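Sequences listed follow chains A and B, in order. All residue numbers for the first sequence refer to the working numbering, where the first residue is 1 and numbers rise by one. All residue numbers for the second sequence refer to the working numbering, where the first residue is 1001 and numbers rise by one. Heads up, the beta-carbon is just placed ideally off N, CA and C, and yes, glycines get one too. Here the structure is a predicted model, which means the values were calculated and not measured. Let me begin by presenting the structure, written as C-alpha cells, before commenting on it.
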Amino acid sequence: MKRKTKEEENEEKLYEKLSESLAKKGVVSAMLNLPTTKKVEIVEKMEDLKIERDKELKTSRKKEVKIEKVKKNFFLSKDAIILLEAMATIENKTRGKIIEEAILEKFIKVFQEYDEFDKELFKRKFFPEISENTKKLIFAK
Amino acid sequence: MLVLSVVNRKGGVGKTTTVFNLSYALYSKGIKTLAIDLDPQASLTTILGFNPDEIESGIDKVILSAISQNDVNFNEIILQTDLGFYLAPSKEELELANVMLTDRFEKEFVLKEKLNDVSGFDIAIIDCQTSISLLTINALAASDYVLIPVELTYLSMQGFDALMNVILEIKRNINPNLKILGILPTKYDARLNTVKRSIKVLESLKKHYNIFPPVKKTVSFDKSIERGKPIFLIDTKSARDACKAYERVADKILEILYDREVRT
C-alpha cells in the first residue's frame, strides 16, 4: 500500500477538523429544535434507562456481556444523543449562552467517545452532570 | 406557505441551479411554487428568460418600500415563467437594500412581513446571494427550512461550516423555528481526491444532518442553463442521473407539506 505523504496527512487532518466542527454544530442545531415538553420526556426516559442499565450491570456475570448489553440498550441509542442535546439546551436557557458552549463542549467530547465505550469514563463524565445539575433545573420548572 | 432558503457562503456551489431545478421538480408534482430571486446578480431571473433591466418592478421595490412611504405589495411583482411556476424577479437595484435597510427598525424581518401578503402558493424557494448580507439574513428569518448546496471541495465544505455559525445564531436570536432541510452535495465527480474526502466527511455527518444524494457534475447543466431548460428537460443519460438528487429533495419537501396539511 502506498504510504501517505506529509501533505496528504495534513490534508486529512484538515478534513477531520472540519468534520468535528460540523458534527458539533449539527448537534447544537438539533438541540435548538427540541420543544421543552420533549426534553422533559426524554430526560425521564433516560432516567428509566439508567435504572435498567444499573440492574443489568448488577445481574450480568461476565464483563463483556455487561458491556454488550449496556451498549445495546443505551449507548448506541439515539436517545443518548438527544439527551445530550436536551441537557445543553436546558442549561442554555437557564444560565446563558457562554455556559452552554462550555457544557456542550464537554458533552460532545463524551458523545464522540461512544464508539470506544469506556464505562468508567462515561460514569465519571456523564452521569454526574445529569444528576447534579440538570435534573434539578428541569424538574424545578 | 412553506418558505425554503437555498444558501451557502461560498459562490458557484449551485444555489441558483438548485432553486431553478427544484422549483420545476415541485411544480411538476403539482405544487404551487414561487421562486424568489434574492440575489442582486439576478441570475435566476435571467435563466428564467427575463431581462432584469426590462422588468418594471422586482423584489428590490418590495424590500425598499419598507423604508419609504410608497408601499409595494409582494403580489404586484410576481411573474409567471414559461415553465409554469412563478418568479419574484430580482434587479441589481436590490444591492441597495443591504445599505438602505441598515437603520430600519427590525430590519431582519422585512421579507417575512412582506411575504405575509403572498397567498396561493404552497412553497416559496429563495435563491440567496453568496455573502451573508442583510438580504440573506432576511431570507433566513423568513424561512421554515434551509437547504445547503455544498460543492465537494475543501473550501466549499468550509463555507458550509461557516454558514452553520450563522444558522445557529439565527436560530438562537432571530428565527428559532428555522430547520435544516438537508445538505445537497453538488458537482460530484468520484474520480477526484477532494471529492472523495468531502464525501467521507459528509458520510460521517449523517447522524447530524440529512444528506441528500450528490448531484453529479455534467456538461448537461451548462446546456440546461444556456437553454433556460431545467435539467429534467435535457435528454441525456447524465442529465437523468442528475435529476435523481433533485427528485429526492422534492420528495422530502412533499413529505413536509403533506405533514403540515395533515396537522392543519
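Asked                                                                                                                          : Found
Members of the stretch 1198 to 1217 of chain B near chain A, C-beta cut-off 8 Å                                                : S1198, K1200, V1201, S1204, L1205, K1207, H1208 and Y1209
DSSP-derived helix/strand/coil call for A1088/B                                                                                : strand
Spatial distance of L104/A from T1081/B (CA atoms)                                                                             : For L104/A, the predicted model reports a pLDDT of 47, less than 50, meaning its position is unreliable; a value from the coordinates is still stated below. Cα to Cα, the separation comes out at about 47 Å.
Rounded separation between V1166/B and Q1069/B - CA only                                                                       : 32 Å
Candidates K1207/B, P1214/B and A1242/B: closest to F1221/B by CA position                                                     : A1242/B
E1054/B versus N10/A: straight-line alpha-carbon distance, rounded                                                             : 51 Å
Buried versus exposed call for G1011/B [16 or more other C-beta atoms within 10 Å across all chains shown]                     : exposed
Stretch pair the stretch 1009 to 1023 of chain B + the stretch 1058 to 1068 of chain B: three plus CB contacts closer than 8 Å : no
Which of helix, strand or coil DSSP assigns to I1181/B                                                                         : Residue 1181/B is actually Leu in this sequence, not Ile. DSSP places L1181/B in strand when its eight states are reduced to three.
Short-range partners of chain A found in the stretch 1155 to 1173 of chain B, where Cβ spacing is below 8 Å                    : M1157, Q1158, F1160, D1161, M1164, N1165, I1167, L1168, K1171 and R1172
Continuous alpha helix (DSSP H) stretch holding S1043/B: start and end                                                         : S1043 to I1047
CB contact below 8 Å: K1010/B versus chain A                                                                                   : no
Neighbour-count burial assignment, Y1258/B, 16 or more Cβ in a 10 Å radius                                                     : exposed
Alpha carbon of I1199/B to alpha carbon of I1078/B, nearest angstrom                                                           : 38 Å
Residue nearest to T1130/B in terms of C-alpha spacing, selected from V1013/B, R1260/B and V1249/B                             : V1013/B
Beta-ladder partner(s) of Y1188/B, from DSSP                                                                                   : K1216/B
Simplified DSSP assignment, three categories, for E12/A                                                                        : helix
C-beta neighbour in chain B for N143/A, strict 8 Å                                                                             : Look at the range of chain A in this structure, 1 to 141, and you will see that residue 143/A is not part of it.
Proximity test, Cβ basis, 8 Å: K25/A and chain B                                                                               : yes
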